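Top line first, the protein sequences correspond to chains H and X. Going by our numbering, the first sequence wraps up at 240, each residue one higher than the last. Going by our numbering, the second sequence wraps up at 240, each residue one higher than the last.
2 protein chains.
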Amino acid sequence: MVLSVETSYQNALNKREVILRAARQCFVQHGFHATGMAEICSAAGMSAGNLYRYFQNKAAIVRAIADETRARIVPVYERLQTHQNPVEAIVQIILHSLQEFCRGTDSRLWLEVLAEASRNDEMRELYISFDHEIRESLKKLLRRAVKGDGRTPGIDIEAASVWLIALLDGAIARVSIDPHVDLEKIMGTLAASIRRCLKVQQA
Amino acid sequence: MVLSVETSYQNALNKREVILRAARQCFVQHGFHATGMAEICSAAGMSAGNLYRYFQNKAAIVRAIADETRARIVPVYERLQTHQNPVEAIVQIILHSLQEFCRGTDSRLWLEVLAEASRNDEMRELYISFDHEIRESLKKLLRRAVKGDGRTPGIDIEAASVWLIALLDGAIARVSIDPHVDLEKIMGTLAASIRRCLKVQQA
DNA sequence: ATAACGAGAGTGAACGTTTATTCTCACAAC
DNA sequence: GTTGTGAGAATAAACGTTCACTCTCGTTAT
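Written as structure tokens, this is what we have:
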């Protein structure tokens, strides 16, 4: 019957999600390499044999997690593209991204992705394509900001986009390491700095 | 004999350094957890049994590497403390640090340290104490900059120090992941941004 | 109504490696 | 002859992965 096929498909999706949730939790605690399959299995409440019905191997799980983490951020960039004030749009993007990463424990996961991307080719390509995508969004906004301002652009748009992302990645690192960090305050001063850098043009 | 003790001590130091150099190389390639002791042994041209005479275990090697990496940066901060122009001193510090990390492959190692610090308590303490130390240096300079400027400080000194380090960490991540990055250009625009943020105070 | 069938979900022990670490023994120096 | 230095085999645990197998159900045949 058609219905049964559909429910089984749904079921498989659910199982994959259960596994991913479990794996995410383990990876946050011990990192990609120091997490064993047995750990993931027990966190998912599942036997090893069964888990391997849903993922080909450990690498596939890691890939899925990295993809998922990345996918959560992209919409933020697209949503704010239509904001009328481009500088404020940029500020909002960075703030939203930071919040999105730092709610829960995704920041640690992202740090793990960064480290992995620096040596694993597949992960590097993922990071770079992700980076390209979101920096294109930023550059569009930066161009609008420079034009709208009516002054000679003292800003190197390419460089500015790089620095915004670096600032974000650095902030994620800090938040995920230092337990005493005050996210609210951090975000306030971050916004101020970005505004200062982007709005004030000097000869 | 006194001399023999001394040379043997020297010898042991050399051996430790040989091992650390080898380990560093391996860690850069595969990270702390994915690097095996056998790998380090063969890179150091040494048997396992012998290597364990110089380090208690793998964790001790990791600790030593992290310490070493950190120790390489601290002097930069101290050296520039006496610079007469505090803003330029800050710019120089950040630029030097970036260069120090990105010469060779230390940037990857630092990324590894960051990821590890987010979950391993010992590494976290190392990072935080390091961070505290260098931010104290930055804060001294920032205070001088604010006073010297003679204007009402529009800058939150604590926050500014945090953001400078975040910027640095983010930049390190980028350099170590993206092979196409132009370090010279990056450093130029970084300096400009910092100057803009720190020098120009607005109501 | 019931027996036979088959597919999907699930198990957990076992596989062959690889891991970090230790043990044993040989050589060299003084 | 003792001590320091080294190699390399040995160990046991842990690793990712696979295996043969069971259990559960819905479908079909009788």
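Backbone N, C-alpha and C define an ideal beta-carbon position, used for all residues, glycine too. Predicted model only: the values in this text are computed from it and were never measured.
query, result
"In angstroms, rounded to a whole number, what distance separates the CA positions of H:Arg232 and H:Val128?", "7 angstroms"
"Under 8 angstroms, do X:Ile165 and H:Asp215 count as touching if we go by C-beta distance?", "yes"
"Quick one: list the residues of chain X neighbouring H:Glu149, beta-carbon separation under 7 angstroms, in chain order.", "Ala152"
"So, with DSSP's three-state summary, where would you put H:Val218?", "coil"
"Are there 16 or more other CB atoms within 10 angstroms of the CB of X:Thr189, so buried, or fewer, so exposed?", "Residue confidence for X:Thr189 is low, a pLDDT of 49 falling below 50, so the modelled location carries little weight; the figure read from the coordinates is stated next. That one is exposed."
"Beta-carbon of X:Cys234 versus every beta-carbon of chain H: anything under 8 angstroms?", "yes"
"Specify the secondary structure class of X:Met83 as computed by DSSP and reduced to three states.", "coil"
"Grouping DSSP H, G and I as helix and E and B as strand, with all else coil, what is H:Gln66?", "helix"
"Whose CA, out of X:Asp168, X:Lys95, X:Ile131 and X:Gln62, lies closest to the CA of X:Gly225?", "X:Ile131"
"May I have the straight-line CA-CA distance separating H:Tyr91 from H:Arg53, to the nearest angstrom?", "6 angstroms"
"Among X:Glu115, X:Thr106, X:Ser155 and X:Arg116, which one has its Cα closest to the Cα of X:Leu146?", "X:Thr106"
"Please report the Cβ distance between H:Val199 and X:Ile171, rounded to the nearest whole angstrom; I am assuming they are in contact, meaning their Cβ atoms lie under 8 angstroms.", "The Cβ separation is near 23 angstroms, so there is no contact."
"Are any of the Cβ atoms in chain X nearer than 8 angstroms to that of H:Ser174?", "no"
"Counting only beta-carbon atoms, is H:Ile127 nearer than 8 angstroms to chain X?", "no"
"DSSP state of H:Ile223, grouped into three classes?", "helix"
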